[in-house]
Structures are given as structure tokens and as C-alpha cells.
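Same order as they appear, the protein sequences are chains A and B.
Here the first sequence is numbered in the numbering used here, starting from 9 and rising by one per residue.
Here the second sequence is numbered in the numbering used here, starting from 12 and rising by one per residue.
Cβ atoms here follow ideal geometry from the backbone N, Cα and C, with glycine treated the same way.
Because the structure is a prediction, the values reported are computed rather than measured.
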Amino acid sequence: EPEVTQTPSHQVTQMGQEVILRCVPISNHLYFYWYRQILGQKVEFLVSFYNNEISEKSEIFDDQFSVERPDGSNFTLKIRSTKLEDSAMYFCASSAGLVVTGELFFGEGSRLTVL
Amino acid sequence: GQNIDQPTEMTATEGAIVQINCTYQTSGFNGLFWYQQHAGEAPTFLSYNVLDGLEEKGRFSSFLSRSKGYSYLLLKELQMKDSASYLCAVSYTGRRALTFGSGTRLQVQP
Chain A
9 EPEVTQTPSH QVTQMGQEVI LRCVPISNHL YFYWYRQILG QKVEFLVSFY NNEISEKSEI
69 FDDQFSVERP DGSNFTLKIR STKLEDSAMY FCASSAGLVV TGELFFGEGS RLTVL
Chain B
12 GQNIDQPTEM TATEGAIVQI NCTYQTSGFN GLFWYQQHAG EAPTFLSYNV LDGLEEKGRF
72 SSFLSRSKGY SYLLLKELQM KDSASYLCAV SYTGRRALTF GSGTRLQVQP
């Protein structure tokens, strides 16, 4: 069964460092998303991406964050200067169509720990 | 904001039935999803409701009342492996992303 894959599964970094989280969405999907989940809290939307541009972003997704689709398969989330409060599980997701009718497929997540 | 409310924790016995409720703001509502999330893992899709009524899928059923802004997830013949968090998520008009509730942590006891 096709799946969303994410790397790394766990990354530990020092505050102020840049981090890049990588995702390979399901190949025929058109919509890509990043969500995050701070330990013990709810899944929070960060950004959605369609047709090579951001289609929506939340207030969490400030200037420290950026997304890119550098080639036909990868979808990356960059955090320029990490803060302690960025420690969370970051989930990539993709869907074939608009989420209003389509199922959202999540990757296994990348756990980011900022020290 | 678009608040989605569900109980924080529930406990049930193996073999029993449990109902997990979810209420949401109705303005701009498009559809409602239920996801299962085991500790440390990704959410996995369980069900999708867009019309009023009950959708049944094996041991799991999901109900929706659009006018009341209410849904529930019904789990029958509970198994130990059903111990997980159950996330209610809503799709709203004009938004491409889902809005998630805080999740209900279900513990199934022998």
C-alpha cells in the first residue's frame, strides 16, 4: 500500500540551529501538508501546499518556517532558527484531492527535540 | 476560532461498547473525520461523515448530526489493541486543512 515517508524519524538539535525535515508524499497525490503535535497536545495545522505554492498557512507558520518541493518527489519543512518550543512531532500528510472529500494520509512523523 | 470538543479520557472493558462524542462549530462545516492514533505513531483514518446519519465500518461506526454540530464514534467488541487516542477532525469551507480536536485517550481494560 502506498505510504507517506518521513526522514529523519528523530532529530536532536541545539536552539538556534536550522533543521530540515523531509517527506516523500504518495506519488499521485496533489496536496501536501505539514502538521505538528507537541507532546500530549493536539495535532496542529502548519501549512498546505498545492501546485508548487503555499495554499494556506496557520499563525504558527511564521517567518522561521518554510516549505519547498525541490524535485518531483520530496517535500521539505525548514525551520531556520529553532526554539525550545519547536520541540514536537512533525507530521507530513498528503491527499489526492481537496481534504473536504479526500482522506488525509499521514507519515510516521519526525520527532524534533530542541535543546 | 473553530473549537472542537471531545472528552479527554475514557476507560472501557474488553468486549464492551464505547461511544466517543465530539461537538464542533457548525458554521462553514463541510465534513467530519475520525482518526485513530496510537502513542508515538501517526494518525490513521477511520471514517468520514458528510451527511446526517450513521456510517458503519466493521466494529467501528460514526454518526453525524449537522444541525446539532455533533458526532460520535462507536466502537463495538472492544479489543486491547483499541487502546489509543481517537481524534475528531473537521473540514471547514475555504480551508484546505483539517482542524483537529484534542483527542480522546481510550484505555481498554481486561
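Partner residues on chain B for residue i, Cβ-Cβ distance less than 9 Å
i: Y41 of chain A; result: R107, A108, L109
Where residue i sits in the DSSP three-state scheme
i: K92 of chain B; result: helix
i: E26 of chain A; result: coil
i: D16 of chain B; result: strand
i: E25 of chain B; result: coil
i: E93 of chain A; result: helix
i: N82 of chain A; result: coil
i: T115 of chain B; result: strand
Min CB distance residue i to chain B below 8 Å
i: P64 of chain A; result: First, the amino acid is wrong: residue 64 of chain A is Glu here, not Pro. With 8 Å as the cut-off, E64 of chain A counts as an interface residue toward chain B.
i: V20 of chain A; result: no
i: F99 of chain A; result: yes
Chain A residues whose Cβ lies nearer than 8 Å to that of residue i
i: E52 of chain B; result: E116, G117
i: S113 of chain B; result: Q49, K50
Per DSSP, cross-strand counterpart(s) of residue i
i: H49 of chain B; result: For H49 of chain B, which the question treats as bridged, DSSP gives no partner whatsoever.
i: H18 of chain A; result: A:R119
i: T110 of chain B; result: B:V101
i: V12 of chain A; result: In DSSP, V12 of chain A forms no bridge with anything.
i: R88 of chain A; result: According to DSSP, which records beta bridges pairwise, R88 of chain A is partnered with nothing at all.
Contacts that residue i makes with chain B (C-beta to C-beta distance below 8 Å)
i: L120 of chain A; result: Simply none; closest approach about 14 Å.
Proximity test, Cβ basis, 8 Å: residue i and chain A
i: F40 of chain B; result: no
Interface partners of residue i on chain A, CB under 7 Å
i: L98 of chain B; result: V51
Residue i: contacting residues in chain B (beta-carbon distance under 7 Å)
i: S56 of chain A; result: R107, A108
Neighbouring residues, chain C, relative to residue i (Cβ below 9 Å)
i: E111 of chain A; result: Absent from the structure is chain C; the protein chains it does hold are A and B.
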